[in-house]
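One structure is given below, encoded as structure tokens.
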Amino acid sequence: MEKNFIEKIDDLIQENHLLNHSFYKAWNAGELPKETIKEYAAQYFQHVSLFPRYLSSIHSNCDQIKTRQILLENLNEEEKGPENHPELWMRFAEGMGNSRKNVKETVPIKETVDLVETFSNLSKSEKYHIGLAALYCYESMQPEISETKKDGLKRFYNINDEETLKFFTVHMHADKWHRKVVRNIIKKVADSKSKQSEITSSVESALSALNNFLTGMERVYS
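Under the numbering used here, the first residue of the sequence shown carries the number 61, and numbering increases by one thereafter.
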């Protein structure tokens with residue numbers, strides 16, 4: 061039986077899953093220097109800190125109120141209150157030995173700039189399904205990535221402080237729901253060959269930028 065469109069998208073993501081990248085494989089085997097993870101935390105903050113704005117752009121461009129409500133709930137989780145997700149990532153960065161000043165003043169490498177520009181451009185598309193596809197690509201991988209990162213940090217790097225690990229703990233659970241909900245939205249909105257092509261292209265671009273960022277970390281810091 062031929063696979064339907066969303067299953068093909070899922071296959072595309074699995075084939076290019078970040079856990080297959082040599083950088084994360086080294087992390088999860090305890091083979092990355094701790095200093096490299098420290099630098100990774102500072103570089104990746106550029107992406108994490110902008111994630112609420114990616115969501116906000118997609119929400120703004122969406123003409124479907126039910127979808128906007130779902131995106132708003134997701135945005136609230138990302139940005140609301142003292143436990144907002146950029147703050148949780150900052151605590152991880154601190155736990156790896158960074159200062160807040162250092163993180164905020166870190167000069168992004170080329171691959172970090174490319175990652176941020178890619179997600180910014182996709183999320184700002186007037187065709188909201190393009191931004192939504194990038195969002196799905198990212199969030200669909202997060203539960204497994206967060207679980208393996210947390211396990212690797214505890215097992216190999218002696219990082220056991222829950223405040224340092226909280227970003228990963230939260231995303232192990234929250235993004236399972238986000239993945240399911242956004243997947244259903246994409247299934248409904250992908251109702252033409254042109255939209256399916258645009259969604260596929262967006263996922264490919266997001267996957268390329270995310271994997272390329274990890275390659276950049278290896279290039280500069282490993």
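Glycine included, every Cβ here is placed at the ideal spot set by N, Cα and C.
Being a predicted model, the structure only gives us computed values, none of them experimental.
Using a Cβ distance threshold of 9 angstroms, residue 267 and residue 180 do not count as a contacting pair.
When C-alpha distances from residue 133 are compared across 241, 279 and 274, the shortest belongs to 241. Scanning its chain for C-beta atoms nearer than 7 angstroms, with the 5 sequence neighbours on each side dropped, one finds around residue 234 the residues 137, in chain order. The C-alpha of residue 203 is placed about 19 angstroms away from the C-alpha of residue 269.
Distance between residue 212 and residue 94, taken at the CA atoms: about 11 angstroms. Distance from the CA of residue 73 to the CA of residue 98, rounded to the nearest whole angstrom, comes to 27 angstroms. Secondary structure of residue 156 (DSSP, three-state): coil. Here residue 108 is not near residue 196, since their CB atoms are 9 angstroms or more apart. Three or more Cβ pairs closer than 8 angstroms define a contact, and the region 224-234 falls short of that threshold against the region 248-260.
In terms of CA proximity to residue 236, 205 leads the group 218, 205 and 220. Residue 146 carries a helical assignment under DSSP once its states are collapsed to helix, strand and coil.
Assigned with DSSP and collapsed to three states, residue 90 falls in coil, not helix or strand.
Relative to the Cα of residue 176, the nearest Cα in the group 188, 103, 189 and 259 belongs to 103. The residues 85, 88, 201, 204, 205 and 208, in chain order, have a CB closer than 8 angstroms to that of residue 79 in the same chain once the five nearest residues on each side in sequence are set aside. The alpha-carbon separation between residue 275 and residue 96 amounts to approximately 13 angstroms. Per the C-alpha coordinates, the member of 171, 182, 247 and 190 positioned closest to residue 278 is 171.
From the listed residues 178, 152 and 63, the smallest Cα separation to residue 220 is found for 152. Counted as a single uninterrupted DSSP element, the stretch harbouring residue 185 is not any alpha helix (DSSP H), since DSSP gives it neither H nor E. Annotation for residue 199: 235, 238, 239 and 242 place their beta carbon closer than 8 angstroms to its own, counting only its chain and skipping 5 residues before and after.
Assigned with DSSP and collapsed to three states, residue 168 falls in coil, not helix or strand.
In the DSSP annotation of this structure, the continuous segment of the alpha helix (DSSP H) that includes residue 134 starts and ends at 125-139.
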